[in-house]
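K.L.:
Here you go, one structure.
In my numbering, the protein residues as written are 22 to 175.
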């Protein structure tokens with residue numbers, strides 16, 4: 022640890038801004054709530070369940086749920102983004118060096134401090150900066166979720 026701002030470790034946030042006044046204001050606002058106001062929508066309060074859907078679905082905050090409507094134009098865009106071999110490809114991918122054996126450097130160094138990957142033996146993932154296209158699991162899941170969501174809700 023030091024207070025030198027240059028040569029920060031690339032894969033950690035070397036500096037973070039904290040909006041202290043906003044945090045203090047939010048804390049003050051929450052501290053002034055009554056117990057009744059703070060807990061009025063709590064799923065932990067015992068009461069007779071009065072809703073149509075299951076409690077799990079009602080209280081779910083899963084951002085990946087299939088509950089929202091999908092516009093047909095979004096479906097067309099997802100389908101049209103397939104390539105000639107029916108793959109979703111992107112240049113926005115994390116890649117890594119292929120494994121070629123253990124590293125040969127044994128002495129500590131700051132040489133790679135500000136890079137996401139060190140020498141050719143480092144298999145740490147880093148963001149692709151070329152125009153090479155890749156199949157990315159996250160993109161596949163996002164597009165399939167969109168398609169399934171459309172089928173379930175239309």
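A virtual CB, placed ideally from N, CA and C, is assigned to each residue, including glycine.
Computed from a predicted structure; not experimentally measured.
(1) Pairing CB atoms from the segment 47 to 56 with CB atoms from the segment 122 to 136, are three or more of them under 8 Å?
(2) Quick check on the DSSP output: the alpha helix (DSSP H) that includes residue 174 runs from which residue to which?
(3) DSSP three-state call for residue 51: helix, strand or coil?
(4) Starting from residue 111, follow its DSSP beta bridges and name the residues at the other end.
(5) Among 120, 44, 148 and 38, which residue has its Cα nearest to the Cα of residue 142?
(6) Using a Cβ-Cβ cutoff of less than 6 Å, which residues in the same chain neighbour residue 117 once the five nearest sequence positions on both sides are dropped?
(7) Please confirm whether residue 96 and residue 160 have their CB atoms less than 8 Å apart.
(8) Please report the residue range of the alpha helix (DSSP H) in which residue 37 lies.
(9) Since residue 63 and residue 170 should fall inside the 8 Å C-beta cutoff, what is the C-beta to C-beta distance between them, to a whole number of angstroms?
(10) Starting from the Cα of residue 154, find the closest Cα among 109, 66 and 37 and give me that residue.
(11) Is it the case that the Cβ atoms of residue 124 and residue 140 are separated by a distance below 8 Å?
(12) Residue 149 and residue 114 - do their beta-carbons sit closer together than 8 Å?
(13) Among all the DSSP beta bridges, which residues are the ones paired with residue 96?
P.N.:
So, from the listed chains and residues:
(1) Counting Cβ pairs under 8 Å, fewer than three are found: no touch.
(2) Residue 174 -> alpha helix (DSSP H) spans 158 to 174.
(3) Helix at residue 51.
(4) 155.
(5) Taking the Cα of residue 142 as reference, the smallest distance to any Cα among 120, 44, 148 and 38 is reached at 120.
(6) 144 and 146, listed in sequence order.
(7) With contacts defined by Cβ atoms closer than 8 Å, residue 96 and residue 160 do not form a contacting pair.
(8) From DSSP, residue 37 is part of no alpha helix (DSSP H); its letter is neither H nor E.
(9) Between residue 170 and residue 63 the Cβ distance is about 29 Å, and since that is not below 8 Å, they are no contact.
(10) Looking at the Cα atoms, 109 is the closest of the given residues.
(11) Yes, the pair counts as a contact, with Cβ atoms nearer than the cut-off.
(12) Inclusion of residue 114 and residue 149 in the CB contact set at 8 Å is warranted, their separation being smaller than that value.
(13) According to DSSP, residue 96 bridges with nothing at all.
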